[in-house]
Structure formats: C-alpha cells, structure tokens
Amino acid sequence: MIKVDETVTDILALRDQLSKLDPHFVSAGIKLYFSQDPVDPLENPVNQLKKKKDNVLVETLLAGSLGLPQVPRPVYDELPIPILHPSILVLTKLKRWAATHESTRPKTIQKNFVDATDIQYMIFWLASNNIKIEFEKYSGKSKDELLTLVRKFHAKFADNEDLMAALKVTLGEDWDLL
362 MIKVDETVTD ILALRDQLSK LDPHFVSAGI KLYFSQDPVD PLENPVNQLK KKKDNVLVET
422 LLAGSLGLPQ VPRPVYDELP IPILHPSILV LTKLKRWAAT HESTRPKTIQ KNFVDATDIQ
482 YMIFWLASNN IKIEFEKYSG KSKDELLTLV RKFHAKFADN EDLMAALKVT LGEDWDLL
C-alpha cells in the first residue's frame, strides 16, 4: 500500500514514478508488477516479465477503500514514495483473504489464491528479516480480531511446515495465542 500525496491523481504517473525509482517495478499496459529481479530498462519490460515466474501484480487502491486504513502507517520514510510497512500490509491482505477464502466463485478463488501467495511471500520476507507482525499499529481492527484472521490462515496452511515456521517467527510471543 502506497500513501499518495493528494496532488497525485494520475495513476499512470504514479506507476511511471515507481518504475523510475526502482527497476523492480514494471508497467505492462494498464497493470503494474513487482519483479523479484530488477528489469533491464534497455530491454522490452513485458518480455522480461514473461520470462520471470515470481512477478507480483501490484493492486492500486485508494486508502480507505475496501476496508483499507484511511492513513497507511507505518511507512518506509526513506523512499521518495512512502510505502506501507510489510508488517502491517500483511494484515490488510489477511483481512481480504479471510473474508473470501471459502468462496466458490471462480474469480474470487483466483483472487484468493493471489492473496494467499502474497501473504506467504510477506511472511517469509518478514521472517527472513526477523520482523514481527505489528497488530497494534493496524487501525480499524483489534488485535483479537486480527489474530482471528491469522488463525484462519494457520488452519488452512498448517501442513506447510516451512510457512508455519516462518509465521511463528513473525508472531513471536503471539504464536501462543493461536
């Protein structure tokens, strides 16, 4: 989640700015992707995306829409564009995943799969950087409500030992509350 200045109204300009700031961001038509490996600006970015398997579609939503926090905090302030910290972003993804993970609608199943993949990636990233999920900094839901989302995720993926080990690292003492 990116906190956008109120003067930025053109989503294409925002995408262009992200692509210039970091070669991991790639615009492909009307979509924006994050590529695990930087993209060479001298080559066709779409062709490069096709060759990479772990690209992440970056969804662009207004703060406050679809239950997202009105003011995304905490953010990485070191960057020219403040980005919601992954220790909070994982909770926004868990919220949507938990609300839709039992759906049988094909489009919802597909979105849910993407959300689950994103959540797993963030959990592994947080664990590898020894960063805990920060329940207290999420606005709009109590820690108990957020832990309910984590419990659902835990129950669904309990057989994935590597993921559960990473989740345990990101939860720290809160692991015992599951």
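Heads up: the sequence shown begins at 362 in the numbering used here, then just goes up one per residue. Where is the CB? At the ideal position from N, CA and C, for every residue including glycine.
Residue i, buried or exposed, once every other Cβ within 10 Å from all chains shown has been counted against 16
i       : result
Phe-474 : exposed
Asp-479 : buried
Lys-456 : buried
Arg-376 : buried
Option nearest residue i by Cα separation, candidates the options
i       : options                               : result
Pro-402 : His-385, Thr-478 and Val-417          : His-385
Gln-397 : Ser-380, Gln-409, Leu-382 and Asn-416 : Asn-416
Ala-488 : Leu-524, Tyr-499 and Leu-375          : Leu-524
Tyr-499 : Lys-413, Lys-414 and Leu-445          : Leu-445
Asp-505 : Asp-535, Trp-486 and Asp-520          : Asp-535
Phe-395 : Glu-404, Lys-529 and Leu-379          : Leu-379
Trp-486 : Lys-392, Leu-507, Lys-529 and Lys-381 : Lys-529
Gln-346 : Val-400, Asn-521 and Gly-501          : Since the displayed the chain opens at 362 and closes at 539, residue 346 lies outside it and no answer follows.
Distance between residue j and residue i (C-alpha atoms, nearest Å)
i       : j       : result
Asp-537 : Leu-510 : 15 Å
Thr-368 : Asp-383 : Confidence at Thr-368 is low in this model, with a pLDDT of 47, below 50, so the placement of that residue is unreliable and no value is reported for it.
Phe-518 : His-462 : 12 Å
Pro-447 : Ser-503 : 18 Å
Ser-464 : Lys-472 : 10 Å
Lys-413 : Ile-391 : 19 Å
Lys-381 : Leu-507 : 35 Å
Arg-466 : Glu-404 : 38 Å
Leu-393 : Lys-468 : 19 Å
Gly-501 : Val-400 : 37 Å
Asn-408 : Asn-490 : 31 Å
CB contact flag (residue i, residue j, <7 Å)
i       : j       : result
Val-419 : Pro-406 : no
Ala-459 : Lys-513 : yes
Ile-484 : Ala-527 : yes
Leu-410 : Ala-389 : yes
His-515 : Leu-539 : yes
Contact the stretch 443-453 vs the stretch 482-497: 3+ CB pairs below 8 Å: Yes, the stretch 443-453 touches the stretch 482-497.
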